[in-house]
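Heads up, the sequence shown is in this note's numbering, so the first residue is 52 and it goes up one at a time.
A virtual CB, placed ideally from N, CA and C, is assigned to each residue, including glycine.
Fair warning: this is a prediction, and the values are worked out from it, not measured in the lab.
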Amino acid sequence: MAELQLDNITKTFDDGGDEIVAVDDVSIDIQDGEFLVLVGPSGCGKSTTLRTIAGLETITDGAIRLGGEVINDKRPQDRDTAMVFQSYALYPHMTVRENMSFGLEESTDLPDDEIRERVTDTAEMMGIAELLDRKPGELSGGQQQRVALGRAIVRNPAAFLMDEPLANLDAKLRAQMRTELQRLQENLDVTTVYVTHDQTEAMTMGDRIAILDDGELQQVGTPLECYHEPSNLFVAGFIGEPSMNTFEAHTDGDRLVAERFEYALSERHEDAIDGDNVVFGIRPEDVEVGSDPDDSHTYEVVVDVVEPKGDENYVHMAFDADRENPETFTATIGGLRRVEAGDTVVVRFPPEAVHLFDGDTGEAVLNRSLDTVEDVEPLL
Ligand code: ATP
């Protein structure tokens, strides 16, 4: 157990004379026992960041501290971290017991009977005790994943480093392993850095999430902070499914003028806006569908496509369906509410739910009022 600090770490690769900045001056303090999820789109640098912590890549600049000690120049086996890979990386010719014992035999002086006991205890905890004499080829993907996790746990490291460990499992098993891993991490209380491109995993598993784009850290915060208080347009678009609706607009007195609609600004909005170019954002679940047309901030729109999800419907709508390229946005409504493509409906963008971003920099200038989150009534 230990605190893990990334201090201004940078990692560049030389690609035939071109410099690729995979990780760009990233600083994160990960608390002792914390579950931190590194998330971002493909190529954003999350695996490279994790590999630098493991010692599989050397950093170009900065410092990595584990338990207060700089570990930049330590060999991977001397770092007191245990990595779990997406591919499981089990040795095919070894039994499960041998796979789980191997690291301990190589990197510690523990006597054989203690190693045996640790492996047996961990295998029991992971529900794989009956598989100890099998080889990886005789196991399902989910069982292999348990072995890979067990192999990391048995090492009793200061930090777990996990690189998309659930990505190869089917959706149902992934959801099950998600909760199991969370429970396990909580019980073991070991500092964990978990890499995923899946924002659902990030939202549901992390104590905090760190969002990367193009090697740069965009935001570190609890899942709900990142969801309700995104620091910029990138985070707003990345966290949340379906994504936040965003519209480019400019100010005109006390109104925002977007291409297909105008919005009367409240004092709170006006106070936050600094500059003419603004991006107006609203989450799909905050769009009120079936509003009274006499209410403020309402618009008559046409339903374009309905995606039923069972528990809810994603309703894609257009401001003006007759135009060649209608500007669409999405609302989520309860699964028992019915609307159909072609229906004309009235929607409302409630002022307290609006996010505003600087149109030039993409930085958030105002997030939805969190005081009102509790007050947002479900549609059904
Ligand atoms: P993915 O989700 O696709 O695995 P990622 O966020 O983990 O992506 P990285 O694998 O960390 O991204 O890669 C970050 C950037 O660094 C990419 O542009 C990648 O092409 C580049 N990169 C990674 N490893 C190397 C390498 N050994 N040599 C050159 N470039 C590399």
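Environment of residue i [buried if 16+ CB atoms lie within 10 Å]
{"i": "residue 144", "result": "exposed"}
{"i": "residue 399", "result": "buried"}
{"i": "residue 223", "result": "exposed"}
{"i": "residue 325", "result": "exposed"}
{"i": "residue 81", "result": "buried"}
{"i": "residue 89", "result": "buried"}
{"i": "residue 64", "result": "exposed"}
{"i": "residue 407", "result": "buried"}
{"i": "residue 74", "result": "buried"}
{"i": "residue 253", "result": "buried"}
{"i": "residue 173", "result": "buried"}
{"i": "residue 152", "result": "buried"}
{"i": "residue 320", "result": "buried"}
{"i": "residue 304", "result": "exposed"}
Of the residues the options, the one placed nearest residue i, counting alpha carbons only
{"i": "residue 307", "options": "179, 409 and 111", "result": "409"}
{"i": "residue 388", "options": "376, 305, 361 and 402", "result": "361"}
{"i": "residue 463", "options": "229, 418, 154 and 171", "result": "Residue numbering for the chain in the displayed model covers 52 to 431; residue 463 lies beyond these limits and cannot be assessed."}
{"i": "residue 386", "options": "378, 364, 309 and 397", "result": "364"}
{"i": "residue 299", "options": "327, 347 and 391", "result": "327"}
{"i": "residue 231", "options": "159, 168 and 177", "result": "177"}
{"i": "residue 394", "options": "356, 376 and 336", "result": "356"}
{"i": "residue 335", "options": "94, 152 and 368", "result": "368"}
{"i": "residue 340", "options": "384, 329, 130 and 373", "result": "384"}
{"i": "residue 212", "options": "75, 99 and 68", "result": "99"}
{"i": "residue 150", "options": "160, 182 and 233", "result": "182"}
{"i": "residue 161", "options": "70, 132, 206 and 248", "result": "206"}
{"i": "residue 209", "options": "133, 390 and 139", "result": "133"}
{"i": "residue 381", "options": "358, 373, 91 and 166", "result": "358"}
{"i": "residue 412", "options": "269, 390, 221 and 342", "result": "269"}
{"i": "residue 354", "options": "397, 185 and 320", "result": "397"}
{"i": "residue 379", "options": "317, 309 and 302", "result": "309"}
{"i": "residue 119", "options": "304, 135, 58 and 169", "result": "58"}
{"i": "residue 244", "options": "319, 76, 135 and 157", "result": "135"}
{"i": "residue 93", "options": "79, 317, 249 and 320", "result": "249"}
{"i": "residue 292", "options": "278, 302 and 301", "result": "278"}
{"i": "residue 391", "options": "304, 366 and 227", "result": "366"}
Closer than 8 Å: residue i CB and nearest the ligand MN heavy atom
{"i": "residue 349", "result": "The ligand content of the structure shown is limited to the ligand ATP, which means the ligand MN is not among them."}
Other residues of its chain near residue i: CB distance less than 7 Å, five sequence neighbours each side excluded
{"i": "residue 179", "result": "147, 194, 197, 198 and 201"}
{"i": "residue 83", "result": "52, 53, 54 and 242"}
{"i": "residue 420", "result": "403"}
{"i": "residue 347", "result": "315"}
{"i": "residue 401", "result": "337, 339 and 348"}
{"i": "residue 265", "result": "95"}
{"i": "residue 371", "result": "311 and 377"}
{"i": "residue 246", "result": "89, 97, 98, 101, 213, 214 and 215"}
{"i": "residue 110", "result": "60, 61, 62, 103 and 123"}
{"i": "residue 106", "result": "125, 126, 127 and 130"}
{"i": "residue 302", "result": "324, 327 and 329"}
6 Å CB neighbourhood of residue i in its chain, flanking five on each side removed
{"i": "residue 116", "result": "56"}
{"i": "residue 258", "result": "85 and 86"}
{"i": "residue 273", "result": "259"}
{"i": "residue 225", "result": "217"}
{"i": "residue 112", "result": "61"}
{"i": "residue 414", "result": "283"}
{"i": "residue 418", "result": "280 and 406"}
{"i": "residue 71", "result": "64"}
{"i": "residue 235", "result": "none"}
{"i": "residue 313", "result": "306"}
{"i": "residue 66", "result": "none"}
{"i": "residue 76", "result": "59 and 61"}
{"i": "residue 169", "result": "205"}
{"i": "residue 290", "result": "250, 277 and 278"}
{"i": "residue 158", "result": "128"}
Contacts around residue i, its chain only, beta-carbon distance under 8 Å, and the 5 residues preceding and following it disregarded
{"i": "residue 288", "result": "294, 295 and 297"}
{"i": "residue 416", "result": "323, 324, 325, 329, 407, 408 and 409"}
{"i": "residue 121", "result": "114 and 115"}
{"i": "residue 137", "result": "214, 215, 216, 218 and 219"}
{"i": "residue 343", "result": "349 and 397"}
{"i": "residue 186", "result": "143, 144, 145, 146 and 147"}
Residue i at chain B interface by Cβ criterion, 9 Å
{"i": "residue 71", "result": "Given the protein chain composition of this structure (a single chain), no chain B is represented."}
- Item | Segments of 4+ residues assigned as alpha helix (DSSP H) that fall wholly inside the stretch 253 to 318 | 274 to 279 and 284 to 289
- Item | Neighbourhood of the ligand ATP [Cβ distance below 6 Å to any heavy atom], ordered by chain position | 64, 66, 71, 73, 91, 93, 94, 95, 96, 97, 98, 99 and 248
- Length-filtered (4 minimum) alpha helix (DSSP H) runs lying within the stretch 70 to 151: 97 to 105
- alpha helix (DSSP H) segments (min. 4 residues) lying fully within the stretch 213 to 256: 222 to 239 and 250 to 256
- Could you name each continuous beta strand (DSSP E) segment of 3 residues or more that falls completely within the stretch 141 to 212, going from the start of the chain to the end? none
- Message: At 3 residues or longer, what runs of the beta strand (DSSP E) sit wholly inside the stretch 319 to 355?
- Response: 328 to 333
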